[in-house]
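**Q** Just so you know, the sequence shown maps onto residues -28 to -1, 1 to 100 in mature numbering (1 follows the signal peptide of the UniProt record, and there is no 0).
For each residue, glycine too, the CB sits at the ideal point set by N, CA and C.
No experiment lies behind these values; they were computed from the predicted model shown.
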Amino acid sequence: MSRTDRRRAGTALFACVAALALSGPALAQNGVDPGTLNDFPTAARADYVFGCMAANGQTRDALMRCSCSVDVVASILPYDKYEQAETILMMRQGVGQAASTFRANTAMDETIADLRRAQAEAEMRCFP
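(1) So, do the region 57 to 68 and the region 25 to 37 have three or more beta carbon pairs nearer to each other than 8 Å?
(2) Between the region 18 to 26 and the region 63 to 72, do three or more beta carbon pairs fall short of 8 Å?
(3) Within the continuous alpha helix (DSSP H) that includes Q69, where are the two ends?
(4) Using a Cβ-Cβ cut-off of 7 Å (strictly less than) and excluding sequence neighbours within five positions of K53, which residues of its own chain qualify?
(5) By Cβ distance, which residues of its chain are closer than 8 Å to R89, with the 5 residues on each side in sequence left out?
(6) If the criterion is Cβ atoms closer than 8 Å, does the pair residue 163 and V21 meet it?
(7) Report the rounded CA-to-CA distance for residue 123 versus P50, giving the unit in angstroms.
Right under this line is the structure:
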C-alpha cells in the first residue's frame, strides 16, 4: 500500500469515527437514544459504515445515514448477537464442509433474522 493510499484510508477512517462520535443529535432525531447504545467496538462500527457506504455511495449524506444505521442496529442488537450473525453469514459464503454445515443448520436462521430485523428498522429510520 502506497503512502498516498494509507493517507486516504486514514482520512476516511477518521471521517467515519468523527461522524460516529458526533452523531448524537442525529440519533435523537431518528428516535435513537444515544445513551442506550450497546458497546460496539469502533472497528466494527467503521466496518459497517464502510460497507454501507459502498452500497449507498461515497457521499457525506451516505456517511451520515450509514452512521445512523449502525447506531440503530447497535441500539437493537447486542454486539455478541451481531458478531454471531455476521460470522454465520460469512461462513455461509464459503465452500466446503464447514460452509455447508453453516448453511444446513437452520438453528442459526433466527440469529440472522434478528440481524435482518435490526437492519430493516435502521433502514426505515435512517434512509427514509
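**A** To lay it out plainly:
(1) no
(2) no
(3) 69 to 76
(4) T83, D86
(5) I48
(6) Limits of the chain in this structure are -28 at one end and 100 at the other, which puts residue 163 out of reach.
(7) Given a span of -28 to 100 for the chain in the structure shown, any question on residue 123 remains unanswerable.
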